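S.K.:
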Amino acid sequence: MRVIATGILALMLAAPAARADGDPASDVLLGENVFYPYMPPVSAAIQKQLDAETAAASRARYPIKVALIASRVDLGVITSLFGRPQKYADFLDQEISYQNRQVLLVVMPSGYGVQGVTPAARAVAASLSKPAGPQSNDLARAAIVAVARLAGAAGHPLKGVSGGGQSTTGTGGGSTTLLVTVLAVAAVAAAAALVVIRRRQATAG
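For what it's worth, my numbering labels the leading residue of the sequence shown as 59, then goes sequentially.
Shown next, in the form of structure tokens:
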């Protein structure tokens, strides 16, 4: 808990940088393969399966970043992009792809957005059925299907992924995911607070 508290304090002190984007997924995906929705959380079993699949994609030389956006809360201060998965994928790609382009998949209740994919994989993404529902678990299940199909379309079929959701090590365990999520929430809160303060100062001036 001391580590988490220290991390939150550091983010509060670094709030000027946080307000530049206020996008939780871009912070999480710098160190993790998957950004999971805040509420309700994805079940542990489904998280394990999706983590295992992204690890398998990396082994197949198809590393992929996945952002599951269940509500506007998951977008931080850029809530206008909710329901527009491709627009958000375009934005998020600029946030996380500095020197090297990365394969990126965004899943929202309304559908999918992709970046860094081959034309064949883009066509596959366009053909995918929407998630079965708007809940976090629905998005994660849809991502599991989408990752495998994108990898296959790009010529990198996935192997060694158990349908029961058996995970491999090294993809970001529960404690790491919890810490990153807490820190990301703190960053968004700090960014939002600064926006309010600046607006009040501007009004007072």
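Using N, Cα and C, we set each Cβ at its ideal position, and we do this for glycine too. As the structure is a prediction and not an experimental result, all values here were calculated from the model.
1. Does the Cβ of Q107 have 16 or more other Cβ atoms within 10 Å, making it buried, or fewer, making it exposed?
2. Between V124, I104 and A103, which has its C-alpha nearest Y170's C-alpha?
3. Touch check for the region 78-97 and the region 143-159: three-plus C-beta pairs under 8 Å?
4. Check each candidate in I127, S116 and R119 and name the one with the smallest Cα separation from V86.
5. On the criterion of 16 or more Cβ atoms from any shown chain inside 10 Å, does P167 qualify as buried, or is it exposed?
6. On the DSSP bridge list, what partners appear for Q144?
7. Spell out a yes or no on whether the region 188-204 and the region 96-111 are touching, meaning 3 or more CB-CB pairs, one atom from each, closer than 8 Å.
8. Roughly how far, in whole angstroms, is the beta-carbon of L162 from the beta-carbon of V205, given that I think they are within contact range, below 8 Å?
M.R.: On the basis of the coordinates in this document:
1. What you label residue 107 is simply residue 49 of the sequence shown in a count that begins at 1. So Q107 ends up on the buried side.
2. Counted from its first residue, the sequence shown places residue 170 at position 112. It is V124 whose Cα lies nearest to the Cα of Y170.
3. yes
4. Looking up residue 86 in the sequence shown gives position 28. Ranking I127, S116 and R119 by Cα distance to V86 puts I127 first.
5. For the purposes of this step, residue 167 is taken as the residue at position 109 of the sequence shown. It counts as buried.
6. The residue you call residue 144 lines up with position 86 of the sequence shown. According to DSSP, Q144 bridges with nothing at all.
7. yes
8. Along the sequence shown, read from residue 1 onward, the residue named residue 162 stands at position 104. Along the sequence shown, read from residue 1 onward, the residue named residue 205 stands at position 147. Actually they are not in contact, since the Cβ atoms of L162 and V205 sit about 11 Å apart, beyond 8 Å.
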